[in-house]
Amino acid sequence: MTRRLAQLAIGLWLFGISLAMVIRSGLGNAPWDVLHQGLANHLPITIGQAVIMMSLVVLALWIPLREKPGIGTVLNAIVVGLSLDLTMDWLAEPSSLWARVGLLVAGVILNGLATGLYIGSRFGSGPRDGLMTGLHRRTAIPIGVVRGALEVSVVVLGWLLGGVVGVGTIVFALAIGPLVQVFLPMCTVPLSSDGDRENTGFRLG
């Protein structure tokens, strides 16, 4: 249990750092962060606070879908936004193109690792992942189609609100799935007792 909690905390904190790295690259945000940045442009909030706000909105959508949040789901809604804001405070946008590309690539890879860590802790999926899987279960629409529709929708809405869309947005969308497939098996914690299986809110397979 201690290892799982530590892995969850580290994974969520790194997740926020990775999102900040992608944003600071200036080459295009992760799909949901296009929306978060757009909201921050029009409301007296930071991007991290927009992440927290949208996480709570998405969690409310879990209710009609009858999704069950875990400890990790709730912490995800808060910790990622805090980590993102703290990282944005000290991480400046690089001046050279190559440094920006390097920051983007490093951010995307780190996000894949962070996702593997927090999902692999088995304490519950993130709010946005739960929305995706919940819609898939309730509508029988292929999960890839559901994910694509959600991400296109938030990118378009975020772009209309002034969020940054660019090559980084495409790179993130295409790379994150394969990266998680690589990292998740390495990071998944075996559940050795019935107690470990209780209230996780997430099940692999």
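Be aware that the sequence shown starts at 78, since it is given in the numbering used here, and climbs by one per residue. Yeah, the Cβ is synthetic: ideal placement off N, Cα and C, and Gly gets one too.
Three-state secondary structure (DSSP) at residue 231? helix
Count the other C-beta atoms from every protein chain shown that fall within 10 angstroms of the C-beta of residue 170, then say buried if there are 16 or more, exposed otherwise. exposed
Return yes when the Cβ of residue 157 is within less than 8 Å of the Cβ of residue 89, no when it is not. yes
If you measure from the beta carbon of residue 234 to each beta carbon in chain B, is any gap under 8 Å? Within the model displayed, chain B is absent; a lone protein chain is all it includes.
Tell whether a beta-carbon distance below 8 Å holds between residue 223 and residue 246. no
Please classify residue 218: does DSSP put it in a helix, a strand, or coil? coil
Can you list the alpha helix (DSSP H) stretches of 4 or more residues lying completely in the region 184-214, in chain order? none
Say whether the region 107-122 touches the region 142-150, bearing in mind that this needs 3 or more beta-carbon pairs closer than 8 Å, one atom from each stretch. no
Would you decide whether residue 192 is buried or exposed? Buried here means 16 or more other CB atoms lie within 10 Å of its CB. buried
C-alpha gap between residue 126 and residue 154, whole angstroms: 10 Å
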